[in-house]
């Protein structure tokens, strides 16, 4: 069963816009808009120069830094160098265009006499407030980067007015700044002196605290004591570790002794305890008596025999000696073992006492060491705080000295360049005016072009198919006017001009089509167009010719019963044909006609009776296609456009696959989307879309490509090829579905 392709998702128009193609297509419009913009700009330049001229006067003011010692530069807010000077200059530049200052400028006597000021005189009364409102847009003050200069500019409709306004602007600014500067410097001096007195008081208090904390000799002694305590701790810590090791060993030994004492069979003494008991004098004496007794016993036994009465007595005495010796040894072992356990316990107690003593000494040394460290740290922090206050005091003294010099020097702002009398207009300027005009007109034209492209719904290029309909593009065929080989009939382009651009485009479509069809086992392919004139018949016939030339058997079925044309293309009879087979008045073998092209056969439409196309939904149509599959490698079916008939939908689920055909600048994206959706809803496998009749005005890509194809196949770009004039193809009939010209 054919598998439907994934449903395409809707796409906005902007996503399908090709800006490079737009530039290629509409470059004459853009060029014309550029020339028009230049012309309008030049006209506007002359008109504005007569009606609204503007002149700009320029002046420069220098801001002097506060004097400092050596080469240091400070400002009124402290030591800040170039960065803080820049901030101060920017602040002054912003203040220069404040409303209070501009109101003073507009009320200056010389400004009142200008032509510009006359527009603010109503009933003989001049309004400085209204003049100030307009002055906001006429004067500017900005700092010059990496300098100590502020640039002042003023615009007016005459040269003299611009100069007068700018001079009044700079004069008022200088007067205000210098007055404010003197007052500011005096206030800064008073504040600095106050801060300096407070700093000196704080430093004296710190000195007192440092001296009261610990004197110089004590600090030296504290440093030495710190070293002593640290050494003492370093000596005691190994002793503690050693005592702990000895305690652990003694406790382990004591534990072993206690286990021996609590053994189930009685006390088990260590071997060295028995050896010590056996070395005792009494044990040695008893052992000597035992040995003498054993010697005498052996002598008697040799003399009197083993059963003599004296021998039995002596044996009893010998055993008594042995028992006495063993009892004595047991007693000695018990006494020695008890003494050993007691000694071990006393040793553990002694070691624990030594450990506690060492730990106590370490704790005392650490406490005294921490106290000394805190004392030294506190003194160091106080000294650092004193150093910081001394540094700040030095800075304040330097600042106070600079401010004093500043007060003695006087003005901090002075004129570097008086307001100039402009010798040329600042508005309008030719190049900016023309540039703005070109930009506006070019932008308007570009916007119209873009709007046209966005609202354009016709399919013009393969990109419109792949982006607009999210469909696969099987290939595209040039308009006949783009084919330098100029075939006489577009339906037979592959036969009449096999080296032409149209034939080459058909070959590329054939390769894509065959690969997809073979991969999916598809033989019967239905070619469907949306509107009449899309060129389905010419594509079917050329594909049939091309595939037949590679030794594959192809059957072309003319299922356009309303306007049949395949029989006219190949010059065959038109009946019996498909209509007769569906009415069961003829068989497939009787109706198929072999064309002059080997391996290519045609099944004409036949004589259409009333309602014959309704039989597309009958089993007869399925049987026909089934029979054709057994005899041919491929079956291509031409059908009426989907807009004028529903035949394509009736056939879509009886074939293996469907190829959609659209004509550039004819079908719209919506129609292609609807065709694709209808085929997918009918569970037809849509192979893709063939775009027919691509024109040069699609952006210029295709014309050069097709011309290069012809030149390459001819071996070189020959003059004949270059100068060949395309000839409009003559269709074999008047069927709009066949048209490609």
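Numbering (the working numbering), first residue to last: 12 to 752.
Think of the CB as a built atom: it goes at the ideal place given N, C-alpha and C, for glycine as much as any other residue.
Assignment of beta-bridge partners to residue 73 by DSSP yields 160, 425. The beta carbon of residue 434 sits closer than 8 Å to the beta carbons of 170 from its chain, once the five residues preceding and following it are set aside; these are given in chain order.
Just so you know, the alpha carbons of residue 211 and residue 404 end up roughly 8 Å apart. Non-local beta-carbon contacts of residue 172 in its own chain, meaning distances under 6 Å to residues more than five positions away in sequence, involve 125, 126, 127 in chain order.
Taking the Cβ atoms as the reference, residue 476 lies roughly 7 Å from residue 683, within the contact range of under 8 Å.
The segment 244 to 253 and the segment 349 to 356 do not touch, with fewer than 3 CB-CB distances between them shorter than 8 Å. Residue 679 sits in a strand when the DSSP states are folded into three classes. Following the DSSP letters along the chain, one finds residue 128 in no alpha helix (DSSP H), marked with neither H nor E. For residue 650, the closest C-alpha among the options 567, 282, 205 is that of 567.
Going by DSSP, residue 646 is part of the beta strand (DSSP E) stretching over 645 to 649. Counting along the chain, residue 535 sits inside the beta strand (DSSP E) bounded by residues 535 to 540. The segment 626 to 633 makes contact with the segment 654 to 662, as at least three CB pairs between them are under 8 Å. In the three-state reduction of the DSSP assignment, residue 486 falls in the strand class, which pools E and B. Note: residue 611 is bridge-paired with 565 in the DSSP secondary-structure output. 396 is the residue among 396, 519, 556 whose C-alpha sits nearest the C-alpha of residue 214. Spatial neighbours of residue 356 in its own chain (CB-CB distance under 8 Å, excluding positions within 5 residues in sequence) are listed in chain order as 265. Within the model, the alpha-carbon separation for residue 354 versus residue 304 is close to 39 Å. Taken atom to atom, the span from the alpha-carbon of residue 208 to that of residue 400 is near 12 Å.
Residue pairing for residue 438: DSSP places it in a beta bridge opposite 65.
Residue 42 and residue 35 have their C-alpha atoms roughly 11 Å apart. Counting C-beta pairs closer than 8 Å gives three or more between the segment 177 to 184 and the segment 59 to 79, which meets the contact rule. Listed as beta-bridge partners of residue 137 by DSSP are 132. A straight line joining the alpha-carbon of residue 488 with that of residue 516 spans about 5 Å. Selection 551, 512, 103, 39 evaluated against residue 647 yields 551 as nearest (Cα-Cα). Cβ atoms of residue 161 and residue 216 stay farther apart than 8 Å, at about 46 Å. Taking residue 373 as the centre and dropping the five residues before and after it, the same chain places the C-beta of 244, 247 closer than 6 Å to its C-beta, in chain order.
Closest by C-alpha distance to residue 50, out of 279, 448, 593, 314, is 448. The beta carbon of residue 289 is closer than 7 Å to those of 340 in its chain, skipping five residues each way along the sequence. Beta-bridge partners assigned by DSSP to residue 699: 670. Note on geometry: alpha-carbon atoms of residue 359 and residue 378 lie some 28 Å from one another. When C-beta atoms of the segment 597 to 610 are compared with those of the segment 548 to 563, three or more pairs fall below 8 Å, so the two segments count as touching. Less than 8 Å separates the beta-carbon of residue 542 from that of residue 678. In this structure, the alpha-carbon of residue 653 lies about 7 Å from that of residue 539. In the three-state DSSP reduction, residue 124 falls in the coil class, being neither helix nor strand. When C-alpha distances from residue 416 are compared across 107, 197, 637, the shortest belongs to 197.
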